[in-house]
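Heads up, the thing below is written out as structure tokens.
Residue numbers (my numbering): 2 to 87.
Right, here's the structure in full:
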């Protein structure tokens, strides 16, 4: 493996790993607690539990299971759109 390839691959692996970890943490937080951290997410997400389930499906699906990732992206979108029923 050349040093230029390793120089490109290592930052890419770190970036993907960080995005995966953020997706898992936010998904668990939204699913279990029913609310999301941060001002922007609280203001824009109407159904945090639905959004959290979608974020976890996106994190679990990855590249290997594109159908699971597509369902997760749909749930994240629904979490932004669906009005709460109360």
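For glycine and all other residues, C-beta sits at the position ideal for the given N, C-alpha and C.
Quick caveat: nothing in here was measured; it's all calculated off a predicted structure.
Contact check for residue 80 against residue 26 fails: the beta carbons are separated by 8 Å or more. If you compare the alpha carbons of 17, 40, 49 with that of residue 30, the shortest gap goes to 49. Boundaries of the alpha helix (DSSP H) around residue 69: 67-82. Counting every other CB atom within 10 Å of its CB across the protein chains shown gives residue 52 a total of 16 or more, marking it as buried. In the DSSP assignment, residue 25 falls within the alpha helix (DSSP H) that extends over 4-34. Straight through space, the alpha carbons of residue 21 and residue 60 are spaced by roughly 6 Å. Counting only residues of its own chain and dropping the five nearest sequence neighbours on each side, residue 86 has no CB closer than 8 Å to any other CB.
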